[in-house]
Amino acid sequence: MEAGRTVRNLGVVGVGNMETKRELRVGFDVGGTFTDGVLMCGREVLAKAKSLTTPDVTGGIVEALEAVMTKSGANPAEVAMVSLGTTHTTNALIERRNLNQVGIFRLGAPATTAIPPLTGWPESLKEAIGGHELVHIIRGGSEYDGRDIVPLDKKAIEDACKSMKGKVDSVSITGVFSPIINDHEEQSAEIVRNVLGEDIPITLSHRIATISLLERENSTILNASVITVMRRAVNSLKAAVRKRGIDAPLFIVQNDGSVMSADYAIDYPIFTVASGPAASVRGSVYLSGIEDGVVVDIGGTSTDVAYIVKGFPRESSITVNIGGVKTNIRCPDLLSIALGGGTIVKHKDDDVIELGPESVGYNLVRLGKSFGGPLLTVHDTAVALGKLQQKLDVFKTDYVTHPEKINAVPKALIKNAWVAIKTTIEEVIDKMKTTPEPVPAIFIGGGALVVPREKIIGVSEVLMPDHFEVGGAVGTTIAEIGAYAEGVVDLDIEDRAEAIVEVTERAKDNAEAAGAIRNTVEVIDVEEIPFTYMPGKREKIRIRVKGQVL
Amino acid sequence: MSNPRSNARAILEKWGIKNFRVIDKEAISEITLGASILATGGGGDPEIGLLWTYKVIDEGKEILMVDPIDVPDGIQTASTACLGAAIVLTEKPPSGEVLNLAMGRLEQYLGRPIQATIPLECGGVNSPVAYAAAGELGVPVIDVDGMNRAFPELQMTSWVTHGVHSSPTVSVDNRKNVTVIDTGDDDVLAETLARRVAMAYGGISWIATYPLTGKQVKETSILYSQSIAWAVGRAVMRARREHLDPIGELLKSLKKERNVEGFRVFSGKIVDINRDFGSETNKGFTLGSVTVDGIDTYKGQTATLDFQNEWLNLRIDGKVLCLPPDLIAILDSETGEPIRTDIMKYGYRGTIVLIPAHERMRTAKGIEMFGPRHFGYDLDYVPVEELNSDRR
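The listed protein sequences correspond, in order, to chains E and H. Each step along the first sequence adds one to the number in our numbering, with nothing skipped, and position 298 is 298. Each step along the second sequence adds one to the number in our numbering, with nothing skipped, and position 391 is 391.
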């Protein structure tokens, strides 16, 4: 494990001088192996640390917190915000651990019965949340134009709730066309509270995701299943932070890279499943100052490429699979390829046959040529070309211990390998690009130093910001909140501009509910999607906004 | 409701048919993928139809497919399909009873039972729906359809161009509302009415249509359309498993199954999408065009495609290479997954494949009803083989 390192100790400023209180922010990024922590003052990284990620996640965070506070010597009273990118919910869903028993309501009968809730779910996950016994398809829901399919069957909801008493810890309600008309979901929630009590957590699908019933219902049920997991995590983190003398609000990074207040996250834990990658993208943006471009996160075995639009990760347009279930929640559009510092360069004489997909991973220091090992890796190629001049703090071993082994590799092979690596990176960047013009690229991650960064086709410039190895933790400290809303309009009878204003107001309401200061909320994207196979000029309008927290 | 039917196996026994294929989950997923590829950019999202068919199979209802040649001349068949806005279907899946209801009411109107289903088109929605219907109804599916591709309107079938009609058509919804559309030989009016009914129902309807006799099926359908879709889907799935070139395997399967040459004409990246909203001629369809910049060996070339829900025509560097009713597919080069007009986005990369329409879609009547001039292009139809004769 790496100890933390004080980058620029500004500890003297403000410490013991409460008249000029600084606004410090602490951020954590929970990864598979390491939990990264940073202490920030404005754009300055005052301290950074890495701890081993613990099975309960919280333990690793507490340790990283301790490390940055100790290293910086900062006054806990100056910390104004604590934020994290976390894997609590993802782990619970993948491991089917500590999940809630979920009472599942769908408002849609007599429509929709051909495909009941939980269709296509893995058996183990179905069982872990209580299974079919807790599923009820109720008469109700809306048509796209706002009419009721049929009036809501309130009696049936009441009866179902009575049958669930004592058997469920959480309730999910999904109504047909609720993203457009949410009345039936809200009315149902009222009945559920009346029967099962005010404290029962209820997830309403229109607050979770967009049109596409089955995927939205899946997302809603998954959300309901991890509410207790998230509540416990938030409560224990709040306690740990308070114990360290910090009296500051806790924020959690959501999938689109913005943050939400921890209390909001308890109700919407599903929005944190891509918390980590989203935080990395935001950190890259923040550290580089680039708002539109491509982020290339190069690790030991793989490279994730994301595309940033106005400072946020572009969303995936396809369904997102969580724990074996298809959902339509908002997640970053990531493209992963098997190329990292430890990727093996397969070759025949001087010709490269293939890059990977195998990687030596953390065994680089035993198996790579730079360390006297038998295999040529991407790392070794960079060493041979003199591209590496410094050791990264996160690595214990120097970047080369056996230069004679590297010198023995034929120059032609090294040249061919370097070209192959460059081409691979260019291809993946090109796949993610949405404009023909060159765009800036931000290279982060431990492998960023060992890949070509010059004259990359399709790229205007390559940036490698300071602190790229803790970019994710930095990304969590950016106090911006994102939200969205959508609506369906018929442009034959409605005014487009008015419709956009109306949807924008609803998006701003949502941002405010998530913790944003209303007058800082601005529109970042307006998307219009036409309805096919339908007369008239109907379309769906989707508006994304962002606003400041502090 | 209709009389309870026995089951597909008993019906085939009565007809003395021993040759049939059992459609299991793997088969339906292959058929649906193939149909989505042949859907020419349209046909909708396969997800709901597939899940529905899986559920029907899970309930132990058997789905059997028969050769059209074996079917008795005198039997009554009909097609069932979803007609309406695809996006509404993704939000409002049907009740399990809509197809039974539509077929039952059509039987009532006709005064005779329906003994087999005939799929309407090749598409992500209506292909699996035809199989779900057969399972729900307990009747066999005949290995035919009315297009061997997808088209935006109900009358654009080989059935109409060969002199049979969609009327009477029964249109129902989940609330058991029933509308009978009987316009005699005016198939265009039937389409207009059916679409209005779908709108009034809330965006989609479930129809029982094209009540044809066994003899009519044989004389007017695209024969073996299901086998073609199945072969295409199976080839692409195998290519994925064995890491072969899915486009090459697709073209081989067409050669084998239909003895026709398809053409791989372009690989590129979508760089412009122009959706035409305001046009007066826009009557419930998404119109527009896309521009695709060539990559790899096509670098420097530009392809443009017009679409009206489905792809209509293709030009490369201004030269026309495909016109309706011939088929255009843009497929993900690595997976062979079709890129549909409703989901395509700037930046999508794909390979363009052209496939000759079935000969029963290429009659003079067919060119009149769904050739280039019908879609507003001042161009005479030229078969895709002639437009691409230099690629042989």
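Glycine residues also receive a C-beta, built at the ideal position from the N, C-alpha and C atoms.
Within the same chain, show all residues whose beta-carbon is closer than 6 Å to that of residue 93 (chain H), passing over the 5 residues directly before and after it, in chain order. Against the second sequence, residue 93 (chain H) aligns to sequence position 93. These residues qualify, in order along the chain: 48.
Does residue 128 (chain H) pass the burial test, meaning 16 or more other C-beta atoms within 10 Å, or should it be called exposed? The residue labelled residue 128 (chain H) in the question sits at position 128 within the second sequence. By the 10 Å Cβ count, residue 128 (chain H) comes out buried.
Using a C-beta to C-beta distance shorter than 7 Å, which residues of chain E count as neighbours of residue 356 (chain H)? The residue given as residue 356 (chain H) occupies position 356 in the second sequence. Going along chain E, no residue has its Cβ under 7 Å from residue 356 (chain H), so there is no contact; the nearest lies around 26 Å.
Please list, in chain order, all residues of the same chain as residue 411 (chain E) whose beta carbon is under 6 Å from its beta carbon, the five residues on each side excluded. The residue labelled residue 411 (chain E) in the question sits at position 411 within the first sequence. Answer for residue 411 (chain E): no residue qualifies.
Assuming contact is defined by CB atoms lying nearer than 8 Å, are residue 39 (chain E) and residue 68 (chain E) in contact in what I supplied? Reading the first sequence from its first residue, position 39 is the one you call residue 39 (chain E). Reading the first sequence from its first residue, position 68 is the one you call residue 68 (chain E). Taking 8 Å as the Cβ cut-off, residue 39 (chain E) and residue 68 (chain E) qualify as a contacting pair.
So residue 299 (chain H) contacts chain E; which residues on that side make the cut at Cβ distance below 9 Å? For this step, residue 299 (chain H) is matched to residue 299 along the second sequence. In chain order: nothing, as chain E lies at least about 12 Å away.
Which one of H:370, H:321, H:372, H:357 has the shortest CA to CA distance from residue 389 (chain H)? Your numbering for residue 389 (chain H) matches position 389 in the second sequence. Closest by alpha carbon: H:321.
Residues of the stretch 36 to 61 of chain H with a CB closer than 9 Å to any CB of chain E: list them in chain order, please. Near chain E, meaning a CB-to-CB distance below 9 Å, the residues of the stretch 36 to 61 of chain H are 42, 44, 45, 47, 48, 51, 52, 54, 55, 56.
Threshold first: 4 residues or longer. Then list the alpha helix (DSSP H) segments lying entirely within the stretch 140 to 169 of chain H, N to C. Given a length threshold of 4 residues, each whole run of the alpha helix (DSSP H) inside the stretch 140 to 169 of chain H is given here in chain order: 158 to 161.
Contacts of residue 147 (chain E) in chain H (Cβ-Cβ under 9 Å): Taking the first sequence and counting its residues from 1, the one referred to as residue 147 (chain E) is at position 147. 202, listed in chain order.
If I measure Cβ to Cβ from residue 337 (chain H) and keep anything under 7 Å in the same chain, skipping five residues before and after, which residues do I get? Against the second sequence, residue 337 (chain H) aligns to sequence position 337. For residue 337 (chain H), where only same-chain residues beyond five positions count, the Cβ hits under 7 Å are 331.
Which first and last residues belong to the beta strand (DSSP E) in which residue 313 (chain H) is found? Taking the second sequence and counting its residues from 1, the one referred to as residue 313 (chain H) is at position 313. Taken as a continuous stretch (DSSP letters only), the beta strand (DSSP E) holding residue 313 (chain H) covers 310 to 316.
Using only the alpha-carbon positions, how far apart do residue 265 (chain E) and residue 224 (chain E) sit? Within the first sequence, numbered from 1, the residue matching residue 265 (chain E) stands at position 265. Within the first sequence, numbered from 1, the residue matching residue 224 (chain E) stands at position 224. So the two alpha carbons sit approximately 12 Å from each other.
Are the C-beta atoms of residue 107 (chain H) and some chain E residue less than 8 Å apart? Stepping through the second sequence from its first residue, residue 107 (chain H) is reached at position 107. Residue 107 (chain H) is outside the set of residues whose beta carbon lies under 8 Å from a beta carbon in chain E.
In angstroms, rounded to a whole number, what distance separates the CA positions of residue 506 (chain E) and residue 491 (chain E)? Counted from its first residue, the first sequence places residue 506 (chain E) at position 506. Counted from its first residue, the first sequence places residue 491 (chain E) at position 491. Going by the C-alpha atoms only, they are around 19 Å apart.
How would you write the range of the beta strand (DSSP E) that residue 542 (chain E) sits in, first residue to last? As a position in the first sequence, residue 542 (chain E) is number 542, starting the count at 1. Its beta strand (DSSP E) spans residues 538 to 548.
Could you tell me if residue 519 (chain E) is buried or exposed, where buried requires 16 or more neighbouring beta carbons within 10 angstroms of its beta carbon? Translated into positions along the first sequence, residue 519 (chain E) becomes position 519. It is exposed - the Cβ of residue 519 (chain E) has fewer than 16 other Cβ atoms within 10 Å.
Decide if residue 363 (chain H) is buried, meaning its Cβ has at least 16 other Cβ atoms within 10 Å, or exposed. As a working mapping, residue 363 (chain H) is identified with position 363 in the second sequence. Exposed.
Excluding the 5 residues flanking residue 170 (chain E) on each side, which residues of the same chain have their C-beta closer than 6 Å to its C-beta? On the first sequence, residue 170 (chain E) is found 170 positions in, with the first residue counted as 1. Cβ within range, chain order: 100, 102, 201, 224, 227.
Compile a chain-ordered list of the residues in the stretch 92 to 123 of chain H whose CB is closer than 7 Å to at least one CB of chain E. 92, 93, 94, 95, 96
Could you tell me the alpha carbon to alpha carbon distance between residue 384 (chain E) and residue 391 (chain H), rounded to whole angstroms? The sequence position of residue 384 (chain E) within the first sequence is 384, counting from 1. The sequence position of residue 391 (chain H) within the second sequence is 391, counting from 1. Rounded to the nearest angstrom, the two C-alpha atoms are 47 Å apart.
Cβ shell of residue 375 (chain H) (< 7 Å), same chain only, five flanking positions each side left out: One-based indexing of the second sequence puts residue 375 (chain H) at position 375. Annotation for residue 375 (chain H): 308, 312, 324 place their beta carbon closer than 7 Å to its own, counting only its chain and skipping 5 residues before and after.
Does any CB atom of chain A fall closer than 8 Å to the CB of residue 23 (chain H)? Of the chains in the structure shown, none is chain A; the protein chains are E and H.
Spatial distance of residue 305 (chain E) from residue 260 (chain E) (CA atoms): Sequence index remark: in the first sequence, residue 305 (chain E) carries index 305 (1-based). Sequence index remark: in the first sequence, residue 260 (chain E) carries index 260 (1-based). For residue 305 (chain E) and residue 260 (chain E), the distance between alpha carbons rounds to 24 Å.
Under the three-state DSSP convention, the category residue 54 (chain H) falls into: Residue mapping note: residue 54 (chain H) aligns to position 54 of the second sequence, counting from 1. Looking at residue 54 (chain H) - three-state DSSP - the assignment turns out to be helix.
Would the beta-carbon of residue 88 (chain H) fall within 8 Å of that of residue 399 (chain E)? Here residue 88 (chain H) corresponds to residue number 88 of the second sequence, with the count starting at 1. Here residue 399 (chain E) corresponds to residue number 399 of the first sequence, with the count starting at 1. No, they are not a contact pair.
I need the straight-line Cα distance from residue 478 (chain E) to residue 466 (chain E), nearest angstrom please. Taking the first sequence and counting its residues from 1, one reaches residue 478 (chain E) at position 478. Taking the first sequence and counting its residues from 1, one reaches residue 466 (chain E) at position 466. About 16 Å.
Could you have a look at residue 480 (chain E) and say whether DSSP puts it in helix, strand or coil? Along the first sequence, one-based indexing puts residue 480 (chain E) at 480. Strand, per DSSP.
Could you check whether residue 37 (chain H) and residue 303 (chain H) sit closer than 8 Å to each other, using their CB atoms as the reference points? The count along the second sequence starts at 1 and reaches residue 303 (chain H) at position 303. The count along the second sequence starts at 1 and reaches residue 37 (chain H) at position 37. It is not a contact, given that the beta carbons lie outside the stated cut-off.
Could you tell me how far apart the beta carbons of residue 270 (chain E) and residue 208 (chain E) are, in whole angstroms, since I believe they sit closer than 8 Å? As a working mapping, residue 270 (chain E) is identified with position 270 in the first sequence. As a working mapping, residue 208 (chain E) is identified with position 208 in the first sequence. Indeed, because the Cβ distance is near 7 Å, the residues count as touching under 8 Å.
Here's a check: name, in chain order, each residue in its chain whose Cβ is nearer than 6 Å to the Cβ of residue 280 (chain H), leaving out the five neighbours to either side. Counting from 1 along the second sequence, the entry for residue 280 (chain H) is found at position 280. No answer about residue 280 (chain H) holds up, because its pLDDT of 34 lies below 50 and its placement is not dependable.
Extent of the continuous beta strand (DSSP E) to which residue 322 (chain H) belongs: The count along the second sequence starts at 1 and reaches residue 322 (chain H) at position 322. 319 to 322 is the extent of the beta strand (DSSP E) around residue 322 (chain H).
Could you give the DSSP three-state label for residue 51 (chain E): helix, strand or coil? Mapped onto the first sequence, residue 51 (chain E) falls at position 51. Note: residue 51 (chain E) maps to strand in three-state DSSP.
Determine which residues of the stretch 159 to 188 of chain E have a Cβ less than 7 Å from any Cβ of chain H, and write them out in chain order. 176, 177
Going by DSSP in three states, residue 563 (chain E) sits in which element: helix, strand or coil? The requested residue 563 (chain E) is not part of the displayed model; chain E covers only 1 to 550.
Is the stretch 91 to 105 of chain H touching the stretch 232 to 251 of chain H in the sense that three or more CB pairs, one from each, lie closer than 8 Å? no
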